[in-house]
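Taken in sequence, the protein lines are chains R and H. For the first sequence, counting from 1, position 11 maps to 11 in our numbering; every step adds exactly one. Here our numbering = 1-based position in the second sequence + 1000.
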Amino acid sequence: MSDMYAEMIIDLYRHPMNYGKIENPDIKAQDTNPICGDIIEIQVKLNEGKVKEVKFNGKGCAISQASASLLTEMIKGKKIDELLKMDKKDILNALGIEISPVRLKCALLPLKVLKMGIYSYLGDSTKVKE
Amino acid sequence: MKEALRKPVDVEKIRKDFPIFKQKIRGMPCVYLDNAATSQRPDQVVDAMNDYYQIYNATIHRVIYELGEKATDAYEGAREKVAKFINAKPEEVIFVRNTTEAINLVAYSWGRANIREGDKILLTVMEHHSNIIPWQLLAKEKKAHLEFIDIDGEGLLKMNDFEKFMNEEIKFMGLVHVSNVLGTINPVKEMVNYAHKSGALVLVDAAQSVPHMPVDVREMNCDFLAFSGHKMLGPTGIGVLYGKRELLEEMNPFLSGGDMIREVHLREASWDELPWKFEAGTSNVAGAIGLGAAVDYLNKIGMKNVREHEKQLTKYALDKMMKIKGISIYGPKNVEVRGGVISFNLGDIHPHDIASILDGEGIAIRAGHHCAQPLVERLGVVGTARASFYIYNTEWEIDYLVNALEKARKVFKL
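Okay, here's the thing in structure tokens:
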């Protein structure tokens, strides 16, 4: 749906925010969306339990890339337990577009990766939900 | 009438048989260009299956009543139609679920009895996963080796690669007839002939050829050939394995159980004749009958006409699409060696975004790796968008596609 491709989404696809890598991150995770081959890695540096620095890298469609930009922007300065409370609604609000059901996985991939990273940082990698 | 004006297929008449095209997709025309994945089905196919379910539904073989006899006749009649369609004998046509199952049957039944440690199996980089994974598993189990024929810049198989491998005692070759990504039509007959001289058996993955062009297994002289019903107007869940009689005779059953036996004792059993030896359990009777009706439908049009229609449409589409700024089209540009499949990328737009934007216009295309990940990697891209055609597609739909691609360029400010 063309409505999915708001100007902001295209801009973020071409000029992502927080794209790159961090040296010695505290939190690091990567995952792929096997349907379309999107791949996202998120790295976080913490300071007193809060997000001090965050970067993402990878390749994918405009939706997953825009979502990663917005997510990484959103979580700066936030506490880990706040991040774990984030869900689908937060991502869709940030994107501000209607996502067709088949593309929901693309939009939610960055959040899934972030949570994977946090759980593995906390020593429990079994808790990652879609 | 001038040659250029000759229309091999009356598309408007054909489209009336496909109720799916009467609907709108969110107010947009239903433009279906994902035929390499699955085709649509005409009324004739659905009606034939309905007749079975509503008028003579019964199990087949070994039944001593009227309904069962009718069902058996229809099921075996469908086999005869399919056999004639590819110029095989009925006992050489085994009904399976799909191409994947057909290839698995050969890998398990023939492969496990004949492939030994150190043997070489030759494939190509343009195979669908269905003609790679069964051989990967077999090779691992038997400590055999897989070799792959590469492609050139046009998307054609490198024949010097092939000839080089043929000098290395290849035991078995799995070869796709028409690539589901590049559309490349491989010179199967010549390659089978060459492989036989080197002592290799050949399985042809005909999933993208049997629905779209005349295929004659005797002329091709392949040892096995696999295809699916749902890509040729038939229902899902029915496919075909063709095998040369002498090979099928010596093979053990793949699946075993009911219906495929001659005699069963507590500790031993003997098998039924071909083709039933390979059809264990209650068969997909409705599926076979539907496939038979699909074969009737295609025969009425004529496979040469089907091929000609798609050739003209593909040429039309290639000409129009190549004019789009920033487009990359994969595979041969010569429609003599290309089926109705066009894979492409548009600027830096991710294939899934292309597909989403086209979906907004009512157009169904495919995006991703098309179950041919090694090939897409070989092309050096994350994926491709793919439009694929069939008998009911029109030049108007191609224009509509091109128009929608121009819209995608605008959305992405290309």
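Quick reminder that beta carbons are idealized off the backbone N, C-alpha and C, glycines included.
In the structure shown, Q43(R) falls within a strand segment according to DSSP collapsed to helix, strand and coil. Note that the stretch 1150 to 1160 of chain H touches the stretch 1119 to 1130 of chain H; at least 3 beta-carbon pairs, one per stretch, sit closer than 8 Å. Taking 9 Å as the cut-off between beta carbons, the residues of the stretch 1361 to 1394 of chain H near chain R are E1361, A1367, G1368, H1369, Q1373, V1376, V1382 and G1383, in sequence order. The C-beta of S1270(H) has fewer than 16 other C-beta atoms within 10 Å across all chains shown, which makes the residue exposed. For N1180(H), the closest C-alpha among the options K1164(H), I1115(H), Y1108(H) and D1034(H) is that of D1034(H). For the stretch 1077 to 1155 of chain H, the full-length beta strand (DSSP E) segments reaching 3 residues or more read 1093 to 1096, 1120 to 1124 and 1145 to 1149 along the chain. Residue range V1285 to I1301 is occupied by the alpha helix (DSSP H) that includes G1287(H). Identification of residues in the stretch 1211 to 1240 of chain H having a C-beta nearer than 7 Å to some C-beta of chain R yields an empty set.
Take T1038(H), set aside five residues on each side of it, and the residues of its chain with a beta-carbon closer than 8 Å to its own are H1230, K1231 and T1236, in chain order. For the stretch 1327 to 1358 of chain H, residues whose beta-carbon sits nearer than 7 Å to a beta-carbon of chain R comprise H1350, H1352, D1353, S1356 and I1357. For I97(R) and I63(R), the gap between their C-alpha atoms comes out near 10 Å.
Burial state of N1252(H) is exposed, judged by a 10 Å Cβ sphere holding fewer than 16 other Cβ atoms. Cβ proximity to chain H below 7 Å picks out M4, Y5 and I10 from the stretch 4 to 25 of chain R.
Contact of F1018(H) with chain R is not assigned, every C-beta pair being separated by 7 Å or more. Residue ranges of uninterrupted alpha helix (DSSP H) with 4 or more members, entirely inside the stretch 86 to 114 of chain R and ordered along the chain, are 88 to 95. In the DSSP assignment, R1245(H) falls within the alpha helix (DSSP H) that extends over R1245 to E1250.
Beta-bridge partners of A1364(H) (DSSP): Y1032(H).
From the beta-carbon of K1024(H), no residue of chain R is found nearer than 9 Å; the closest lies around 15 Å away. By a beta-carbon distance limit of 8 Å, L1105(H) contacts F1254(H). Their separation comes to about 4 Å.
Neighbours of A68(R) across chain H, judged by C-beta separation under 9 Å, do not exist; the nearest C-beta is about 13 Å away. Under a criterion of Cβ atoms nearer than 8 Å, the residues of chain H adjacent to S100(R) are, in order, S1356 and D1359. Counting C-beta atoms within 10 angstroms of its own C-beta, L1298(H) has 16 or more neighbours from the protein chains shown and is therefore classed as buried. Annotated three-state conformation of N1345(H) is strand, per DSSP. Contact with chain H is found for A62(R), since one of that chain's Cβ atoms lies less than 7 Å from the residue's Cβ.
Listed in chain order, the non-local C-beta contacts of G1347(H) below 6 Å within the same chain comprise G1326 and L1414, local neighbours out to five positions each way being set aside. The stretch 50 to 70 of chain R and the stretch 6 to 18 of chain R touch, with three or more beta-carbon pairs separated by less than 8 Å.
For the C-beta of K59(R), the chain H residues within less than 8 Å are, from N- to C-terminus, V1382. For V1125(H), the closest Cβ of chain R is not nearer than 7 Å. Under the DSSP assignment, L70(R) falls in the alpha helix (DSSP H) whose first and last residues are A62 to M74. As far as DSSP is concerned, S1209(H) takes part in no beta bridge. The three-state reading of DSSP puts Q1023(H) in coil, since its state is none of H, G, I, E or B. Contact check for A1372(H) against I1342(H) fails: the beta carbons are separated by 7 Å or more. At a cut-off of 7 Å, the C-beta of G37(R) has a neighbouring C-beta in chain H.
In the three-state reduction of the DSSP assignment, G117(R) falls in the helix class. Contact between the stretch 1218 to 1228 of chain H and the stretch 1190 to 1210 of chain H is established, with three or more Cβ pairs separated by less than 8 Å.
Against F1412(H), the close residues of chain R are Y5, I10, Y13, R14 and A62, in the order they occur along the chain (beta-carbon pairs closer than 9 Å).
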